[in-house]
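>
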Amino acid sequence: MEKTIFLKAIVVVLFLAGFAFAGCSENAYKSACSSCSFDANGKIDKTCMDAQKSAGIACVSSSYPLMAAEYAQGKCPMVDECASQLQSCLSQVGSGNDKADCAEGSANTCYATSDICVKQAAAKCPPQQPCQAPAGLILLVIGGVFLAGFVRKE
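Just so we're aligned, residue 25 is where the sequence shown starts under my numbering, counting upward by one.
(1) Measure how close the beta-carbons of K67 and D122 come, nearest whole angstrom, since I'm counting them as under 8 angstroms.
(2) Considering N121, what are the terminal residues of the alpha helix (DSSP H) in which it resides?
(3) Relative to the C-alpha of A79, which candidate in P101, M91, K54 has its C-alpha closest?
(4) Are the CB atoms of C83 and M91 within a distance shorter than 8 angstroms?
(5) Going by alpha carbons, who is nearest to A46 out of S85, D104, A107, V117?
(6) So, for N65: in the same chain, excluding its five sequence neighbours on each side, which residues have a beta-carbon less than 8 angstroms away from its beta-carbon?
(7) Would you say the region 99 to 114 touches the region 135 to 145, given that touching needs at least three Cβ pairs under 8 angstroms?
(8) Where L110 and Q97 are concerned, what is the direct C-alpha to C-alpha distance, given to the nearest angstrom?
(9) I'd like the span of the alpha helix (DSSP H) that includes S59, first residue to last.
(10) Would you check if the distance between the CB atom of C72 and the CB atom of S61 is smaller than 8 angstroms?
(11) Who are the Cβ neighbours of Y95 in its own chain at under 8 angstroms, not counting the five residues just before and after it?
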């Protein structure tokens, strides 16, 4: 019984941790490096990379829905700044050989930094509610409710 409660608690914490910080760009890049093919010159397959990029964008939209809605209305210019910073970073660390860049790992830092930028943009972009509680507190309360529900069923 204690093992079941412990496992359920871990599942809830991991679920909430995903919402606390979504590494969408970094995960999409890692996925592209591991699942896309490369040509003889080390260039990544464009169709595959575009699919991974779309998955990363979808991840950002689902992780930060209010920011995505604001951005769609042209009200969140910080997102464009994040994209610009990502491109600038990639141009500085990229070798021109995608396969080598994936193996070396410097570009991964660019994507991780981009995720931090997007998280900061999300904090500034949604419309402010008069009684807005910190997201972490809300997630903690939701997690407690789920955990309490699991414990009562045992």
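Where a beta carbon is used, it is the ideal one built from N, C-alpha and C, also for glycine.
If you're wondering where the values come from, they're calculated on a predicted model, not measured in any experiment.
Quick look at the numbers:
(1) Taking the sequence shown and counting its residues from 1, one reaches residue 67 at position 43. Taking the sequence shown and counting its residues from 1, one reaches residue 122 at position 98. The beta-carbon separation of K67 and D122, rounded to 6 angstroms, stays under the 8 angstroms limit for a contact.
(2) To locate residue 121, count along the sequence shown from 1; it is residue 97. For N121, no alpha helix (DSSP H) segment is defined, and its DSSP state is neither H nor E.
(3) To locate residue 79, count along the sequence shown from 1; it is residue 55. Out of P101, M91, K54, K54 has the C-alpha closest to the C-alpha of A79.
(4) Numbered from its first residue, the sequence shown carries residue 91 at position 67. Numbered from its first residue, the sequence shown carries residue 83 at position 59. Not closer than 8 angstroms, so no.
(5) Walking along the sequence shown from the start, residue 46 turns up at place 22. Of the candidates S85, D104, A107, V117, the residue whose Cα lies closest to the Cα of A46 is S85.
(6) The sequence position of residue 65 within the sequence shown is 41, counting from 1. When the five nearest sequence neighbours on each side are left out, the beta carbons in the same chain lying within less than 8 angstroms of the beta carbon of N65 are those of N121, in order along the chain.
(7) Result yes; three or more Cβ-Cβ pairs closer than 8 angstroms.
(8) On the sequence shown, position 86 is the one that residue 110 refers to. On the sequence shown, position 73 is the one that residue 97 refers to. Straight-line measurement puts the Cα of Q97 at about 22 angstroms from the Cα of L110.
(9) Taking the first residue of the sequence shown as position 1, residue 59 is located at position 35. Its alpha helix (DSSP H) spans residues 48 to 59.
(10) Sequence index remark: in the sequence shown, residue 72 carries index 48 (1-based). Sequence index remark: in the sequence shown, residue 61 carries index 37 (1-based). In terms of Cβ geometry, C72 and S61 form a close pair [threshold 8 angstroms].
(11) The sequence position of residue 95 within the sequence shown is 71, counting from 1. Closer than 8 angstroms at the Cβ level, and outside the excluded window around Y95, lie V103, C149.
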